[in-house]
Amino acid sequence: MSGKTIIEKILSDHSGEDARAGDRVWAELDLAVVRDFGGPNVVLEYEEQLGDKPVWDPQRIAMTFDYQAPAKVVQVANNQRICRQFAVKHGVPHVFDVNAGVGQHVLLEHGMVLPGSVIIGTDSHMNLLGAVGSFSTGMGTTDVAAGWATGRLWYRVPETIKITFKGGYSYPTSAKDVTLFLLSRIDMGKTIYRSLEFYGQPIDSLSLAGRLTLASMVTEMEGKIGFITPDDDILAWIGGRAGRTVEAVVPDKDAYYWEEWEFDIDGLEPLIACPDRPDNVKPVVEVAGVHVDEVFIGSCTNGRLEDLKVAAEVLERMGGRVAPGMRLVVTPATTEVAMEAVAAGLYETFITAGAMVTNQGCSLCTIGHHGVLAEGDVLVSTGNRNFKGKLGKGSLAYLTSPAVAAATAVKGEISLPE
Amino acid sequence: MSKEFVFRGRAWVVEDDIDTDMIYHGSYLPLTDPKEMAKHALEYVPGMEDFTEKVQAGDILVTGKNFGCGSSREHAVITLQYNDVAAIVAESFSRIFYRNAVNLGYPILEVPGITSEVETGDELEVDANTGLIRNLTKGTEVRGAPLSGLEKEIMTAGGLFSYLRKELPAEE
Amino acid sequence: MGQTFAEKALARKAGLEQVEPGQIVTVQPDKLLTHDNTAAIAKIFREIGVERVARPGINVIVLDHVVPAATEGHATNHQQTRRFVAEQGITNFYDVGVGICHQVLPEKGHALPGYVIVGSDSHTPTAGAFGAFAAGIGRTEAAAVMATGEIWLMVPHSFRIVVKGAVPGGVYAKDIILNIIGDLEADGADYRSVEFAGPVIEEMSVASRMVLCNMAAEMGAKAGMVEPDDKTRAWLKGRTDVGYEEVFADADASYERVMEYDVSDLSPQVARPHTVDNVVPVTQVTGTRVDQAFIGTCTNGRLEDFEVAAGILRGRKVAPHTRLLILPASREVLLVALAEGIVTDLVSAGAVVLNPGCGPCLGAHEGVMAPGEVTVSTANRNFKGRMGCKDSEIYLASPATVAASALTGEITDPREFL
Numbered sequence: 001m002s003g004k005t006i007i008e009k010i011l012s013d014h015s016g017e018d019a020r021a022g023d024r025v026w027a028e029l030d031l032a033v034v035r036d037f038g039g040p041n042v043v044l045e046y047e048e049q050l051g052d053k054p055v056w057d058p059q060r061i062a063m064t065f066d067y068q069a070p071a072k073v074v075q076v077a078n079n080q081r082i083c084r085q086f087a088v089k090h091g092v093p094h095v096f097d098v099n100a101g102v103g104q105h106v107l108l109e110h111g112m113v114l115p116g117s118v119i120i121g122t123d124s125h126m127n128l129l130g131a132v133g134s135f136s137t138g139m140g141t142t143d144v145a146a147g148w149a150t151g152r153l154w155y156r157v158p159e160t161i162k163i164t165f166k167g168g169y170s171y172p173t174s175a176k177d178v179t180l181f182l183l184s185r186i187d188m189g190k191t192i193y194r195s196l197e198f199y200g201q202p203i204d205s206l207s208l209a210g211r212l213t214l215a216s217m218v219t220e221m222e223g224k225i226g227f228i229t230p231d232d233d234i235l236a237w238i239g240g241r242a243g244r245t246v247e248a249v250v251p252d253k254d255a256y257y258w259e260e261w262e263f264d265i266d267g268l269e270p271l272i273a274c275p276d277r278p279d280n281v282k283p284v285v286e287v288a289g290v291h292v293d294e295v296f297i298g299s300c301t302n303g304r305l306e307d308l309k310v311a312a313e314v315l316e317r318m319g320g321r322v323a324p325g326m327r328l329v330v331t332p333a334t335t336e337v338a339m340e341a342v343a344a345g346l347y348e349t350f351i352t353a354g355a356m357v358t359n360q361g362c363s364l365c366t367i368g369h370h371g372v373l374a375e376g377d378v379l380v381s382t383g384n385r386n387f388k389g390k391l392g393k394g395s396l397a398y399l400t401s402p403a404v405a406a407a408t409a410v411k412g413e414i415s416l417p418e
Numbered sequence: 001m002s003k004e005f006v007f008r009g010r011a012w013v014v015e016d017d018i019d020t021d022m023i024y025h026g027s028y029l030p031l032t033d034p035k036e037m038a039k040h041a042l043e044y045v046p047g048m049e050d051f052t053e054k055v056q057a058g059d060i061l062v063t064g065k066n067f068g069c070g071s072s073r074e075h076a077v078i079t080l081q082y083n084d085v086a087a088i089v090a091e092s093f094s095r096i097f098y099r100n101a102v103n104l105g106y107p108i109l110e111v112p113g114i115t116s117e118v119e120t121g122d123e124l125e126v127d128a129n130t131g132l133i134r135n136l137t138k139g140t141e142v143r144g145a146p147l148s149g150l151e152k153e154i155m156t157a158g159g160l161f162s163y164l165r166k167e168l169p170a171e172e
Numbered sequence: 001m002g003q004t005f006a007e008k009a010l011a012r013k014a015g016l017e018q019v020e021p022g023q024i025v026t027v028q029p030d031k032l033l034t035h036d037n038t039a040a041i042a043k044i045f046r047e048i049g050v051e052r053v054a055r056p057g058i059n060v061i062v063l064d065h066v067v068p069a070a071t072e073g074h075a076t077n078h079q080q081t082r083r084f085v086a087e088q089g090i091t092n093f094y095d096v097g098v099g100i101c102h103q104v105l106p107e108k109g110h111a112l113p114g115y116v117i118v119g120s121d122s123h124t125p126t127a128g129a130f131g132a133f134a135a136g137i138g139r140t141e142a143a144a145v146m147a148t149g150e151i152w153l154m155v156p157h158s159f160r161i162v163v164k165g166a167v168p169g170g171v172y173a174k175d176i177i178l179n180i181i182g183d184l185e186a187d188g189a190d191y192r193s194v195e196f197a198g199p200v201i202e203e204m205s206v207a208s209r210m211v212l213c214n215m216a217a218e219m220g221a222k223a224g225m226v227e228p229d230d231k232t233r234a235w236l237k238g239r240t241d242v243g244y245e246e247v248f249a250d251a252d253a254s255y256e257r258v259m260e261y262d263v264s265d266l267s268p269q270v271a272r273p274h275t276v277d278n279v280v281p282v283t284q285v286t287g288t289r290v291d292q293a294f295i296g297t298c299t300n301g302r303l304e305d306f307e308v309a310a311g312i313l314r315g316r317k318v319a320p321h322t323r324l325l326i327l328p329a330s331r332e333v334l335l336v337a338l339a340e341g342i343v344t345d346l347v348s349a350g351a352v353v354l355n356p357g358c359g360p361c362l363g364a365h366e367g368v369m370a371p372g373e374v375t376v377s378t379a380n381r382n383f384k385g386r387m388g389c390k391d392s393e394i395y396l397a398s399p400a401t402v403a404a405s406a407l408t409g410e411i412t413d414p415r416e417f418l
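Chains as they are written, first to last, in the working numbering: chain Z, 1 to 418; chain F, 1 to 172; chain Y, 1 to 418.
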């Protein structure tokens with residue numbers, strides 16, 4: 001029999017079986033996470049099904065409040081409280097409250113995400129943690145409640161598609177463009193429910209922030225997970241956070257790949273996903289000049305320091321002020337990112353330019369907060385979803401990189417950075 | 001499975017790529033009571049704004065490709081369940097929605113080509129055991145792949161918790 | 001016979017030599033302040049049948065209540081306001097993110113000594129700190145002012161409150177005004193113009209004077225004011241090219257009541273749920289568990305408030321069960337707070353720093369409580385359900401008291417930390 005792919009190795013390791021694509025296995029969980037959306041549902045389901053029964057392992061449960069941080073309506077305030085009370089009752093120590101930021105990023109910063117781990121959470125973008133080689137996936141209420149009870153979940157082992165990139169690109173093209181490019185080229189009929197492994201020079205040269213961007217939109221590709229093998233620098237960073245040395249899970253040399261795809265991205269130009277789908281991708285030049293009412297820079301896809309820095313630099317270089325009537329909302333992913341951004345003078349740049357810098361969290365993306373759109377409004381966002389009406393009924397949303405978003409904020413219309 | 005998984009009802013047809021925000025919008029995520037959730041089913045699907053008023057128990061939802069793409073919110077399944085939509089037949093399901101439906105014991109069936117065989121209002125007979133869909137109004141038939149393996153066991157048990165209680169008593 | 005400030009200011013505006021309390025005068029206000037309710041006011045304005053705003057230059061419109069928009073309803077509301085502004089050629093329009101209207105008004109040079117200002121918000125009296133006669137009016141009246149450019153006002157009776165003594169450490173403007181309101185009660189200055197005077201007032205910064213005038217509304221006052229002096233002039237320098245003529249009460253003016261307060265023995269004060277006049281010394285409520293602490297708003301959202309709070313919180317951490325929300329009153333305040341490192345201090349302590357706006361104060365957005373929870377806040381109102389949840393409690397206090405309470409997780413006398 002041939003060797004194993006990354007997902008086969010991880011699921012074999014966690015199930016004690018020889019897990020191969022197509023098999024169903026029960027895998028041990030390393031971490032089961034809830035947000036303040038989904039979280040209260042999980043708590044209520046758990047209590048309904050199991051009453052006061054202790055959870056399988058309080059140390060391997062975490063809660064992160066980022067959907068509405070802080071709460072905007074009483075129901076959410078109550079939901080957050082329900083979660084906190086459950087944590088106290090069951091001795092769950094890892095509660096990252098409304099001052100922490102986007103859940104997956106917070107967990108990563110706190111050393112709770114290791115390569116080769118199996119993690120579940122009540123958010124479909126859990127799988128951005130594939131950027132560090134963790135098999136993290138979004139699950140519904142029932143799955144997570146069952147996970148809290150038993151510490152295991154059923155999985156169908158996905159087939160793996162090996163995706164190799166080649167070629168080089170230069171600023172202002174970035175990881176987001178590579179991601180949008182891939183979205184526009186893949187056959188979602190094939191990527192659905194698959195594990196993707198990314199290789200090639202362009203992938204190797206991505207920073208952690210860039211890898212998080214690419215991995216986050218595997219969700220939009222309908223993939224189960226997308227893995228980027230962490231390099232030594234990233235392994236050292238994770239190790240530093242986790243307080244121990246960590247190793248990457250690499251596929252066997254003779255691993256069987258269901259398909260192998262190659263993409264040449266030499267000279268890739270800046271791209272933008274047009275309404276109403278993330279894969280409706282065009283070169284920015286093709287839609288330049290479209291009037292824009294609001295720009296959002298942030299999200300689990302592009303909310304790290306690197307993203308904010310790029311945006312701030314573009315703002316400064318292009319005059320330091322947003323266009324008249326332009327609403328620019330900037331949201332750092334976590335407290336750590338916020339503090340670094342403050343120290344780097346980015347807040348000053350954004351605020352002086354006329355932006356609103358909000359507190360860390362999911363912000364606009366979950367329509368929990370911060371910049372909901374009116375009918376007819378046009379938004380340019382660095383987020384990952386632009387389905388019809390998601391961010392306000394009757395609005396139109398484009399998805400792009402922080403650089404293009406910042407340039408658009410200055411000009412008031414879709415623009416390339418100068 | 002059993003004859004519990006044979007349904008007969010009126011079809012509602014929606015197009016490809018209906019994402020979870022259209023099935024159950026993000027602004028309703030704070031709700032935890034299924035009956036409240038049911039009030040907002042398909043609210044953001046163009047043309048379906050009055051679905052919850054017009055839907056009848058036993059109706060069957062027929063969809064294009066990639067139904068339920070987007071978020072992992074189980075609310076999207078619950079909102080349809082609590083409107084007594086008997087089953088969902090899709091060209092294809094997005095994977096998290098598919099999984100959530102299985103875990104809730106909610107009958108689903110993937111049938112490529114189904115949307116060219118059905119119009120809203122057609123009377124359908126859906127057999128989730130065999131995968132056979134009969135369009136009683138048009139007098140046509142089409143077949144899809146029924147659930148099998150572990151998914152079938154979980155669905156038949158009535159959902160993940162029921163399955164865990166029956167099949168793995170040691171886990172309690 | 002001498003006239004009080006209100007009598008003089010209104011007489012001058014009405015083109016009269018003298019007026020007396022109870023007299024109705026018609027004046028052309030220097031400024032009309034409206035905020036997120038502009039869309040509703042514009043609707044009434046259109047129903048009157050008038051096409052053009054009479055004096056577009058007097059309109060000051062600030063979007064501040066739910067910023068950026070947090071629901072489709074709010075987004076649409078903002079959109080309607082923007083259209084109205086564009087259609088009417090209103091230049092003094094401050095879109096989302098600039099700040100709270102009562103802070104933005106003076107910052108942009110629209111609150112000047114001798115001015116008569118009306119606004120569709122009960123805290124319009126805040127501008128009285130600049131020696132203006134500033135009063136709140138209803139939406140219909142505001143629409144009428146838009147249509148006609150003038151308003152009838154009944155000349156109020158005047159109180160003069162003289163504050164003297166040595167201000168003890170840990171006692172601030174908020175404590176002084178809470179003490180006065182507790183004494184006079186919620187309707188004690190009903191429809192009065194309240195003049196704050198005396199050595200303590202003269203020593204106060206302009207920001208502290210704004211606290212007094214802002215809170216005057218909570219004892220029913222029509223207007224509150226402090227005479228302009230060098231501090232006022234220094235604060236206003238560079239903010240306007242418009243000349244202004246200061247107005248002072250005559251030394252022999254006749255007041256309905258003259259009160260003296262000696263603050264030498266005053267201690268930090270707290271307004272208990274659920275009325276602003278339910279005021280007691282903080283020592284009577286110390287130990288009350290606090291779920292949320294809130295420093296900001298038009299009452300106490302200025303730099304000096306955050307400096308005091310940061311002084312207490314620097315190098316320490318907020319109690320684990322307490323959420324601390326920071327709400328700067330304007331972009332200008334936030335920029336200085338950033339430059340001084342105050343934002344870093346507060347975020348390091350665990351605070352959530354929100355973008356400038358009204359935020360949680362009125363329960364529409366950010367920071368709503370769950371049933372049974374308690375917030376200690378620097379805002380100006382604590383009525384049942386004010387912050388969005390009927391089954392919750394709000395205590396009002398100074399920034400120092402709120403900061404100290406955030407640290408310990410229970411209502412705390414700030415003097416323990418000073």
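Note that CB positions come from ideal geometry on N, CA and C, so glycine has one too.
Legend entry - Residue of Z:S205, Z:D13, Z:V292 and Z:D307 minimising C-alpha distance to P230 (chain Z): Residue Z:S205 is the option with its Cα nearest to P230 (chain Z).
Legend entry - Chain-ordered residues of the segment 70-86 of chain Z with a beta carbon less than 7 Å from chain F: Taking 7 Å as the Cβ-Cβ cut-off, the segment 70-86 of chain Z approaches chain F at V73, Q75, V76 and N79, given in chain order.
Inset, instruction - Could you tell me which uninterrupted beta strand (DSSP E) segments, each at least 3 residues in length, are contained entirely in the segment 81-147 of chain F, listed from first to last along the chain? - result: The segment 81-147 of chain F contains these whole beta strand (DSSP E) runs: 87-90, 108-110, 123-127, 132-135 and 140-143.
Inset, instruction - Go ahead and pull the three-state DSSP assignment for Y172 (chain Y). - result: In the structure shown, Y172 (chain Y) sits in coil (DSSP, three-state: anything other than H, G, I, E or B).
Inset, instruction - Can you tell me which of the three DSSP states E171 (chain F) falls into? - result: In this prediction, E171 (chain F) scores a pLDDT of 45, lower than 50, which makes its location untrustworthy; the coordinate-derived value is nonetheless stated afterwards. It is helical.
Legend entry - For E418 (chain Z), three-class secondary structure by DSSP: E418 (chain Z) falls in the coil class under three-state DSSP.
Inset, instruction - Taking only beta-carbon positions, decide if N83 (chain F) is within less than 8 Å of chain Z. - result: Chain Z contact via Cβ: absent.
Inset, instruction - Alpha carbon to alpha carbon, how far is V106 (chain Z) from Y94 (chain Y)? Give it in angstroms, no decimals. - result: Cα to Cα, Y94 (chain Y) sits roughly 35 Å from V106 (chain Z).
Legend entry - CB contact below 8 Å: Y67 (chain Z) versus chain F: Yes, Y67 (chain Z) counts as interfacial toward chain F.
Legend entry - Cβ-Cβ distance between N37 (chain Y) and S122 (chain Y) below 8 Å: No.
Legend entry - Residues within the segment 147-169 of chain F neighbouring chain Z, beta-carbon criterion of under 7 Å: From the segment 147-169 of chain F, only G149, L150, G159, L160, F161 and L164 have a Cβ closer than 7 Å to chain Z.
Legend entry - Alpha-carbon to alpha-carbon, E36 (chain F) and Q81 (chain F): For Q81 (chain F) and E36 (chain F), the distance between alpha carbons rounds to 12 Å.
Inset, instruction - Compute the distance between the beta-carbons of V171 (chain Y) and V200 (chain Y), then report whether it is under 8 Å. - result: Taking C-beta atoms as the reference points, V171 (chain Y) and V200 (chain Y) fail to come closer than 8 Å.
Inset, instruction - May I have the straight-line CA-CA distance separating W12 (chain F) from R241 (chain Z), to the nearest angstrom? - result: Whole-angstrom Cα-Cα distance: 51 Å.
Inset, instruction - Put I186 (chain Z) into one of helix, strand or coil per three-state DSSP. - result: It is coil, neither helix nor strand.
Inset, instruction - Return the chain-ordered list of same chain residues with a C-beta closer than 7 Å to the C-beta of E306 (chain Z), the five sequence neighbours on each side being excluded. - result: Result list for E306 (chain Z): S207 and A209, in chain order.
Inset, instruction - Compute the Euclidean distance between the alpha carbons of R83 (chain Y) and P360 (chain Y), then round it to the nearest angstrom. - result: Those two C-alpha atoms are separated by around 27 Å.
Inset, instruction - Report all residues from its chain with a CB closer than 8 Å to the CB of E171 (chain F); omit the five preceding and five following residues, and keep chain order. - result: Its pLDDT being 45, under 50, E171 (chain F) is placed unreliably by the model, and nothing is read from it.
Legend entry - Residues of the segment 91-119 of chain Y with Cβ closer than 8 Å to any Cβ of chain Z, in chain order: For the segment 91-119 of chain Y, the residues whose beta carbon sits under 8 Å from a beta carbon of chain Z are, in order, D95, V96 and G97.
Inset, instruction - Grab me the residues of V343 (chain Y)'s own chain with a C-beta within less than 7 Å of its C-beta, minus the 5 sequence neighbours each way, in chain order. - result: Take V343 (chain Y), set aside five residues on each side of it, and the residues of its chain with a beta-carbon closer than 7 Å to its own are A337 and V353, in chain order.
Inset, instruction - Starting from the Cα of C362 (chain Z), find the closest Cα among Z:P40, Z:P58, Z:A71 and Z:T5 and give me that residue. - result: Nearest Cα to C362 (chain Z) within the set Z:P40, Z:P58, Z:A71 and Z:T5: Z:A71.
Inset, instruction - Report yes if the C-beta distance between S267 (chain Y) and V282 (chain Y) is below 8 Å; otherwise report no. - result: Yes, the Cβ-Cβ distance between S267 (chain Y) and V282 (chain Y) is below 8 Å.
Legend entry - Which of helix, strand or coil DSSP assigns to E17 (chain Y): E17 (chain Y): coil per DSSP, three-state reduction.
Inset, instruction - For the segment 89-104 of chain Y and the segment 328-335 of chain Y, state whether three or more C-beta atom pairs, one from each stretch, are separated by less than 8 Å. - result: The segment 89-104 of chain Y is in contact with the segment 328-335 of chain Y.
Inset, instruction - Can you give me, in chain order, the residues of the segment 173-206 of chain Z that have a beta carbon less than 9 Å from any beta carbon in chain F? - result: When C-beta distances to chain F are compared with 9 Å, the residues of the segment 173-206 of chain Z below that value are M188, G189, I192 and Y193, in chain order.
Legend entry - Supposed contact pair H78 (chain Y) and A364 (chain Y) - C-beta distance, whole angstroms, cut 8 Å: The pair is not a contact, with the Cβ atoms about 13 Å apart (cut-off 8 Å).
Inset, instruction - Just mark I82 (chain Z) as buried or exposed, buried being the case when its beta carbon has 16 or more other beta carbons within 10 Å. - result: That one is buried.
Inset, instruction - Tell me, please, which residues DSSP counts as bridged to K164 (chain Y). - result: In the DSSP output, where bridge partners are listed per residue, K164 (chain Y) has Y:D262.
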